[in-house]
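For the working numbering, count along the sequence shown from 1 and bump the result up by 152.
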Amino acid sequence: MYEVVADAYLAKGDKKSAMAELERYARAGGRFPETLKQLAAMQEEAGDRKAAAATLTRINYVYPVQGEDLHRKLGELWLDLGQPDRALVELQAALASKPLDPAAAHFRLAQAYHKLGRVQQAKDELFSALEAAPG
153 MYEVVADAYL
163 AKGDKKSAMA
173 ELERYARAGG
183 RFPETLKQLA
193 AMQEEAGDRK
203 AAAATLTRIN
213 YVYPVQGEDL
223 HRKLGELWLD
233 LGQPDRALVE
243 LQAALASKPL
253 DPAAAHFRLA
263 QAYHKLGRVQ
273 QAKDELFSAL
283 EAAPG
């Protein structure tokens, strides 16, 4: 029901109301990953990265094996929010999920290690990124 109402708002161009409807869905216990990912994308687009990270984290609790894209996005959000320790966990999970672009995955992991002050591990990941890069 919530998704249908949100889609109707989107069809009218009312993203704010659509997002509010999806937030009601989440508060009511909604657990469909694609709907929650849509909410997280809307929250991020609205500039609320913290809410987007919380929504994606919720998906992790409900469906912990969601693949590389969820872990990558959540890791990027945690990095942007200044929480490299949380980003590290997600970016390691993204890399373990056999991403399509392993060079980028290693690079993001290097960023997290660097922000944590773990310089040698950051260097190791940078070398891994270079090794995995095409051509």
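Glycine residues also receive a C-beta, built at the ideal position from the N, C-alpha and C atoms.
- Cα atoms of Glu-173 and Glu-186: separation of roughly 15 Å, rounded to the nearest angstrom.
- Of the residues Leu-282, Gly-269, Glu-277 and Lys-250, the one whose Cα lies closest to the Cα of Gln-235 is Gly-269.
- Assignment of Arg-224 by DSSP, reduced to helix, strand and coil, places it in the helix class.
- Counted as a single uninterrupted DSSP element, the alpha helix (DSSP H) harbouring Phe-279 occupies residues 271-284.
- In the three-state reduction of the DSSP assignment, Pro-251 falls in the coil class, being assigned neither a helical nor a strand state.
- Distance check between Leu-226 and each of Lys-202, Val-214 and Lys-267 places Lys-202 closest, using alpha-carbon atoms only.
- Residue nearest to Lys-168 within the set Met-153, Gly-181 and Gln-190 is Gln-190 (criterion: CA-CA distance).
- Excluding five sequence positions before and after Thr-207, the CB atoms of its chain that fall closer than 7 Å to its own CB belong to Ala-178, Leu-188, Leu-191, Ala-192 and Gln-195, given in chain order.
- In the assembly as shown, Leu-252 is an exposed residue. Its beta-carbon has fewer than 16 other beta-carbons within 10 Å.
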